[in-house]
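*Asks:* Residues are numbered in the working numbering as their position in the sequence shown, beginning at 1, plus a constant of 132. Before anything else, here's the structure in question.
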Amino acid sequence: MHIAENSNKSVVVLEQNTLTSGSTWHAAGLITTSGESEGMMKIKEYTRNVYKTFNEDNTSLVGWANTGSLMIARTPELWAQVLRAGFLLRQVKTIPYEIYHNIPPDLHPFLDMSQVLGALYLPDDGIVNPADVCLAVARRAREAGALILEHIEVTNFVRSSEGSIESVVVDREHEIECGHVVLACGQWTSQLARKHLSVHIPTAIVPHQYAIFDKISGVDNKLPVIRDYASRTYIKPEVGSFAVGTFEAPHCEMPPICKSRNDRDVPVPRDAANELYDNVPMEKQAGGLEAAMTLIPKLGEVGLKTCIHGPDTHSADHCPIVGFVGDAVPNLLVGTGFNSQGIQAGVGIGAVLSDLICDTVTIDEDFSSMDPRRFCPDISADATWCTERALEGYAETYGIHHPNVEVN
Ligand SMILES: Cc1cc2nc3c(=O)[nH]c(=O)nc-3n(C[C@H](O)[C@H](O)[C@H](O)COP(=O)(O)OP(=O)(O)OC[C@H]3O[C@@H](n4cnc5c(N)ncnc54)[C@H](O)[C@@H]3O)c2cc1C
133 MHIAENSNKS VVVLEQNTLT SGSTWHAAGL ITTSGESEGM MKIKEYTRNV
183 YKTFNEDNTS LVGWANTGSL MIARTPELWA QVLRAGFLLR QVKTIPYEIY
233 HNIPPDLHPF LDMSQVLGAL YLPDDGIVNP ADVCLAVARR AREAGALILE
283 HIEVTNFVRS SEGSIESVVV DREHEIECGH VVLACGQWTS QLARKHLSVH
333 IPTAIVPHQY AIFDKISGVD NKLPVIRDYA SRTYIKPEVG SFAVGTFEAP
383 HCEMPPICKS RNDRDVPVPR DAANELYDNV PMEKQAGGLE AAMTLIPKLG
433 EVGLKTCIHG PDTHSADHCP IVGFVGDAVP NLLVGTGFNS QGIQAGVGIG
483 AVLSDLICDT VTIDEDFSSM DPRRFCPDIS ADATWCTERA LEGYAETYGI
533 HHPNVEVN
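See the structure below:
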């Protein structure tokens, strides 16, 4: 979208199935601006502002609801984490927040406040429908001249003697000439880069899940999303009820299909579209569900409607992998390893990639922590290392992030 809008370059987007059919299809749609670095917070703020405009100018309804969010502390250690998150937000200056010792009771009438020591409240956070957001971005890109082709698979690359990609081979027979190539293919990115370009992108597939409860009278999209770091759980309003997701820790159980694909001898098939895993092992989410029912007692009175358990792409150091891959393929960029934040950061990351290609500045910040060249190539090629580190990062998503611990 940004390249098409901000430059006179021709943009072609190639999608092997249909837009949204990857991990985007089953994402929960949480949008927060809280983050571990100023760069990531600015990316998320930028993304959120774009999503809001989709709804405001009525061109594309993306389900944006300005719920706000509450990061609650139930232990003294987590209270320290709340204060630290507030301190980080103060650096960005433009993101409003409140720190509450006592949460105003009318902010979330379903929440049992007796267990809560305090909270960070972000009034501008919200929720979206991820697939609608993806289509709205595609629509804006098309309006700016981008060509978006579905059911076209990238199957190889033609290289120059210096290593640059001269053209992209699609469906094994046609070639499209190119200046730059961006691989933003979710869980397929690392296999494409490895198999055809001998470039190692250290990511692994990690399964994540959330459960949707039956309707509860009085619940609407005005209730803030709750993040309870004590149980590593989020509780989001979801069409008259709540969805409860858990970043269980540590060593979460992997479905066999996920384990085998991380071995790298078993590629992710093209038709893994709209893919969900068969069922969620109860031990994976039991702790989160129990905590949610304690925090919101009404949840204990209704049944579970459905569980969503799908693949997500995590990087080896819990920071996205965004930018040029290096001298071996000088005109290749990647955008992947979003660590459960691809919806809330997606448009901002698109802007960062566009700035790198077009030499423009949309978000003025240092994004070197996302540089793909930060990894040692040998270690990036080690599938076991990638899987173990990705699982560790996943488990730390809602862990206590002590200062100087390298979880971005
Ligand atoms: C259960 C769950 C809940 C989540 N909830 C949230 C949330 O609340 N908020 C949030 O921010 N994030 C959330 N996420 C994470 C989010 O879903 C991902 O970060 C995001 O969808 C990644 O988007 P992507 O475009 O990188 O990958 P994908 O959506 O997987 O898209 C990659 C696309 O590339 C295409 N492709 C691959 N190979 C080729 C090829 N060779 N040729 C052509 N096309 C190709 C694929 O078909 C696919 O459509 C959640 C994830 C899970 C699993």
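Every residue, glycine too, gets a C-beta built ideally from N, C-alpha and C.
Helix or strand or just coil, what does DSSP make of arginine 396?
*Replies:* Coil at arginine 396, not helix or strand.
*Asks:* For cysteine 518 and chain D, any beta-carbon pair shorter than 8 Å?
*Replies:* Of the protein chains in the structure, only one exists, and it is not chain D.
*Asks:* Secondary structure at valine 351, three-state DSSP: helix, strand or coil?
*Replies:* Of the three classes helix, strand and coil, the one that applies to valine 351 here is coil, per DSSP.
*Asks:* Report back the beta-carbon spacing between valine 376 and alanine 424 to the nearest angstrom; my notes put them in contact at under 8 Å.
*Replies:* Contact flag correct, Cβ pair sits at about 4 Å.
*Asks:* Hey, is proline 443 close to ligand 1, as in C-beta under 7 Å from one of its heavy atoms?
*Replies:* True, at least one ligand heavy atom lies under 7 Å from that Cβ.
*Asks:* Along the chain, where does the alpha helix (DSSP H) that runs through histidine 134 open and close?
*Replies:* Start and end: 134 to 138.
*Asks:* Would you list the one or two residues that DSSP bridges to threonine 335?
*Replies:* Ser447, per the DSSP bridge assignment.
*Asks:* Are the Cβ atoms of leucine 249 and arginine 304 separated by less than 8 Å?
*Replies:* Contact: no.
*Asks:* Valine 144 to histidine 328, Cα distance in whole Å?
*Replies:* Rounded to the nearest angstrom, the two C-alpha atoms are 20 Å apart.
*Asks:* Apart from the five residues on each side of it in sequence, which residues of its chain come closer than 6 Å, Cβ to Cβ, to phenylalanine 242?
*Replies:* So the qualifying residues of the chain are Ile428 and Lys430.
*Asks:* Valine 286: beta carbon under 7 Å from a heavy atom of ligand 1?
*Replies:* Valine 286 Cβ: within cutoff of ligand 1.
*Asks:* Is it buried or exposed, lysine 225, if we count other Cβ atoms within 10 angstroms and call 16 or more buried?
*Replies:* Exposed, because fewer than 16 other Cβ atoms sit within 10 Å of the Cβ of lysine 225.
*Asks:* Does DSSP classify serine 192 as helix, strand or coil?
*Replies:* Residue state, collapsed to three classes: coil.
*Asks:* For the structure I just gave you, are there three or more beta carbon pairs, one from the stretch 436 to 452 and one from the stretch 293 to 300, closer than 8 Å?
*Replies:* The stretch 436 to 452 is not in contact with the stretch 293 to 300.
*Asks:* Let me confirm a value: aspartate 244 is counted as buried when at least 16 other C-beta atoms fall within 10 Å, else exposed. Which label applies?
*Replies:* Burial call: exposed.
*Asks:* Anyone know if the C-beta pair for valine 338 and leucine 523 falls short of 8 Å?
*Replies:* Taking 8 Å as the Cβ cut-off, valine 338 and leucine 523 qualify as a contacting pair.
*Asks:* Relative to the alpha-carbon of threonine 335, which residue among Gly350, Lys176 and Lys391 has its alpha-carbon at the smallest distance?
*Replies:* Measuring from the Cα of threonine 335, the nearest candidate turns out to be Lys391.
*Asks:* At the level of alpha carbons, what is the spacing between valine 300 and valine 454?
*Replies:* Near 20 Å, if we compare the C-alpha coordinates of valine 454 and valine 300.
*Asks:* Identify every residue that forms a DSSP beta bridge with glutamine 341.
*Replies:* Bridge partners of glutamine 341: Thr378 and His441.
*Asks:* Measuring alpha carbon to alpha carbon, tell me which residue in Asp238, Ile280, Ala513 and Glu415 is nearest arginine 396.
*Replies:* Considering only alpha carbons, the answer is Ala513.
*Asks:* My output table needs one value for asparagine 288: the three-state DSSP class, helix, strand or coil.
*Replies:* Strand at asparagine 288.
*Asks:* To the nearest whole angstrom, what separates the beta carbons of isoleucine 227 and glutamate 285, a pair I think is in contact under 8 Å?
*Replies:* No, isoleucine 227 and glutamate 285 are not in contact; Cβ-Cβ is about 40 Å, not under 8 Å.
*Asks:* Counting pairs of Cβ atoms below 8 Å between the stretch 260 to 267 and the stretch 147 to 161, do you hit three or more?
*Replies:* The stretch 260 to 267, when compared against the stretch 147 to 161, does touch it at the 8 Å Cβ threshold.
*Asks:* Following a CB-centred definition, is serine 472 positioned closer than 7 Å to any heavy atom of ligand 1?
*Replies:* Indeed, a heavy atom of ligand 1 lies less than 7 Å from the Cβ.
*Asks:* Would the beta-carbon of leucine 464 be found less than 7 Å away from any heavy atom of ligand 1?
*Replies:* No - ligand 1 has no heavy atom lying nearer than 7 Å to the Cβ of leucine 464.
*Asks:* Output needed for asparagine 138: all residues of its chain with C-beta closer than 7 Å, excluding positions within five of it in sequence on either side, in chain order.
*Replies:* Counting only Cβ-Cβ distances below 7 Å, and skipping sequence neighbours, we find Ser486, Cys490 and Thr492.
*Asks:* What I want to know is whether the C-beta of glutamine 319 ends up closer than 7 Å to one or more non-hydrogen atoms of ligand 1.
*Replies:* Within the cutoff, so yes.
*Asks:* Could you tell me the boundaries of the alpha helix (DSSP H) in which leucine 408 lies?
*Replies:* Leucine 408 -> no alpha helix (DSSP H), and no H or E assigned at all.
*Asks:* Which residue from Glu415, Tyr361 and Glu209 puts its Cα closest to that of methionine 386?
*Replies:* Out of Glu415, Tyr361 and Glu209, Glu415 has the C-alpha closest to the C-alpha of methionine 386.
*Asks:* Starting from histidine 328, trace the alpha helix (DSSP H) in both directions and tell me its first and last residue.
*Replies:* Run containing histidine 328: 321 to 329, per the alpha helix (DSSP H) assignment.
*Asks:* Regarding glutamate 305 and ligand 1, is the C-beta to nearest heavy atom distance less than 7 Å?
*Replies:* No, the beta carbon of glutamate 305 sits no closer than 7 Å to any heavy atom of ligand 1.
*Asks:* Ordered along the chain, which non-local residues of its own chain (more than five positions away) have a Cβ less than 6 Å from that of valine 479?
*Replies:* Result list for valine 479: Thr179 and Val182, in chain order.
*Asks:* Among Gly531, Arg274 and Ser322, which has the Cα closest to the Cα of proline 382?
*Replies:* Closest option to proline 382, Cα to Cα, is Gly531.
*Asks:* Is there contact here, the stretch 348 to 361 with the stretch 464 to 471, by at least three beta-carbon pairs under 8 Å?
*Replies:* The stretch 348 to 361, when compared against the stretch 464 to 471, does not touch it at the 8 Å Cβ threshold.
*Asks:* By how many angstroms is the C-alpha of aspartate 346 removed from the C-alpha of proline 237?
*Replies:* For proline 237 and aspartate 346, the distance between alpha carbons rounds to 24 Å.
*Asks:* Buried or exposed: which applies to glutamine 148, given that a residue is buried once 16 or more other Cβ atoms fall within 10 Å of its Cβ?
*Replies:* Buried, because 16 or more other Cβ atoms sit within 10 Å of the Cβ of glutamine 148.
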